[in-house]
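In the working numbering, the protein residues as written are 40 to 231.
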C-alpha cells in the first residue's frame with residue numbers, strides 16, 4: 040500500500056463524507072421548511088440557522104415538539120435508509136458504498152448526538168424536552184441512552200468501513216488495516 044494510493048483513498052472518502060453531509064443538511068432544512076410551512080409559521084432559513092418569525096406568545100407545546108424533534112426523526116430516517124441501501128449494495132465495490140456508509144454515520148450522529156447535545160445545552164431537542172416537562176432524571180436517562188446508541192452505531196458500521204477496502208484495493212493484508220482505517224476514517228473526520 041503506497042502513500043499515493045492511500046491519500047487517494049482519503050480523498051475519495053472525504054468527498055463522500057462531505058457529499059453525504061450536504062445531502063443530510065439539505066434534507067433537514069427542506070423538511071424543517073415543509074413542517075414550518077404546513078403549520079403556518081413563517082420561517083427564514085440561513086445556511087447555519089433557521090429563524091421562526093412568530094412572537095414568543097404564539098409558541099405552543101405541539102409546535103415546539105413538531106419543529107424541534109423533527110430533525111432527529113429525519114436524521115434517523117436518513118441513517119436507516121442509508122443502512123438499508125448499504126446492506127443491499129454491500130456486495131459491490133464502488134464509491135457509492137462510501138456515500139452510504141458516511142450517510143449512516145451522519146444520520147446516526149445527527150439523531151442521537153443531537154439528542155445529547157440538545158439535552159446538555161437546552162437547544163433543539165432539549166428545548167422540546169423542556170416543553171414536554173421532562174424531569175432532569177429523564178433527560179439524563181435519555182442522554183445516556185443516546186450515548187449508548189451512538190456507540191452501538193459505531194460498532195454496527197465499523198465492519199462496513201473495513202469491507203470498504205475493496206473499493207481501492209483488491210487485496211489488503213491484515214496488518215495494514217489500522218493504517219487503512221486511519222486514512223479512511225480519522226483523517227477524513229479531522230479534515231471534514
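Here a beta-carbon is modelled for each residue, glycine too, at the ideal position from N, C-alpha and C. Nothing here was measured: the structure is a model prediction, and the numbers come from that model.
| Check | Outcome |
| --- | --- |
| So, are the CB atoms of residue 163 and residue 217 less than 8 Å apart? | no |
| First and last residue of the beta strand (DSSP E) that includes residue 82? | 82-84 |
| Check whether the stretch 149-158 and the stretch 72-83 touch, using three or more Cβ-Cβ pairs below 8 Å as the test. | no |
| Would you kindly check if the distance between the Cβ of residue 227 and the Cβ of residue 200 is under 8 Å? | no |
| For residue 135, I'd like the list of residues in its chain whose CB is within less than 7 Å of its CB, leaving aside the five on either flank, ordered along the chain. | 128 |
| Could you tell me the alpha carbon to alpha carbon distance between residue 222 and residue 141, rounded to whole angstroms? | 14 Å |
| With distances taken from CA atoms, which of 146, 186 and 137 is nearest residue 159? | 186 |
| What distance in whole Å lies between the Cβ atoms of residue 125 and residue 143, which are believed to be in contact at a cut-off of 8 Å? | 6 Å |
| Taking the beta strand (DSSP E) that residue 89 belongs to, which residues open and close that run? | 89-91 |
| Whose CA, out of 60, 169 and 49, lies closest to the CA of residue 121? | 60 |
| Quick check: the Cα distance between residue 66 and residue 91, rounded to an integer number of angstroms? | 18 Å |
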